[in-house]
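Residue numbers (the working numbering): 335 to 516.
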């Protein structure tokens, strides 16, 4: 008799957790995970690297120390890898965990495409320009590399962002999600 109760309890527990009972897949949650996290994508790579040049010049570049509790001085490459290396990793994981309905599937797929592209740019291209700063390249060379990144991958990222917003904002409006446009 005890074994039947245990199996019944296990069965009910499995149903309880597998039904996404503890996850919030509301329109507001979809909007927060996608729309608000999209704000982490820099609108100008050139501006990002001007700020890094200024931080290097005034000695304020930092990254996490070995003790994982304090900060230490760093190179520009170390700082870029620390601040941008995994910017969207958790966001992508959380967005992928959302339930894909007929209504949300295109939004989620477009968002994943955008965030994965942004992460790739930050992992592949940012360290190259940061290395130019560490190597003492001229401001003109660094600005040119950052501008080229803006004019190529930045343009593509803008298209992906616009596509996401063209799907997300009507969805938010339809479901009464409140937001402000800037």
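Here a beta-carbon is modelled for each residue, glycine too, at the ideal position from N, C-alpha and C.
Does residue i come out as helix, strand or coil in the three-state DSSP assignment?
i           : result
residue 398 : strand
residue 482 : helix
residue 384 : helix
residue 513 : coil
residue 430 : helix
residue 393 : coil
residue 469 : coil
residue 425 : helix
residue 477 : helix
residue 368 : helix
Taking the continuous alpha helix (DSSP H) assigned at residue i, which residues delimit it?
i           : result
residue 492 : 489-508
residue 416 : 410-418
residue 376 : Where residue 376 is concerned, there is no enclosing alpha helix (DSSP H), given that its DSSP letter is neither H nor E.
residue 457 : 439-458
residue 362 : 361-365
Where do the ends of the beta strand (DSSP E) carrying residue i lie?
i           : result
residue 407 : 405-407
Compute the beta-carbon to beta-carbon distance between residue i and residue j, rounded to the nearest angstrom, for a pair I have assumed lies under 8 Å.
i           : j           : result
residue 380 : residue 484 : 6 Å
residue 426 : residue 442 : Going by Cβ atoms, the distance from residue 426 to residue 442 rounds to 10 Å, so no, they are not a contact pair.
residue 404 : residue 416 : So it is not a contact: roughly 13 Å between Cβ atoms.
residue 421 : residue 453 : 7 Å
residue 512 : residue 451 : Not quite, the Cβ-Cβ distance comes to about 28 Å (not below 8 Å), so this is no contact.
residue 359 : residue 432 : 6 Å
For residue i, count the other beta carbons within 10 Å of its own beta carbon; 16 or more makes it buried, fewer makes it exposed. Which is it?
i           : result
residue 418 : buried
residue 466 : buried
residue 371 : buried
residue 488 : buried
residue 435 : exposed
residue 374 : exposed
residue 494 : buried
residue 506 : buried
Residues in its own chain within less than 7 Å of residue i by CB, not counting five upstream and five downstream?
i           : result
residue 509 : 361
residue 502 : 365, 368, 369 and 441
Below 6 Å CB to CB, which residues in the same chain sit around residue i once its five sequence neighbours on both sides are set aside?
i           : result
residue 382 : 376
residue 481 : 380
residue 464 : 410, 411 and 414
residue 444 : 497, 498 and 501
With a threshold of 8 Å on Cβ separation, who are the neighbours of residue i within its own chain once the five nearest residues in sequence on each side are excluded?
i           : result
residue 395 : 386, 389, 407, 408, 409, 410, 412 and 413
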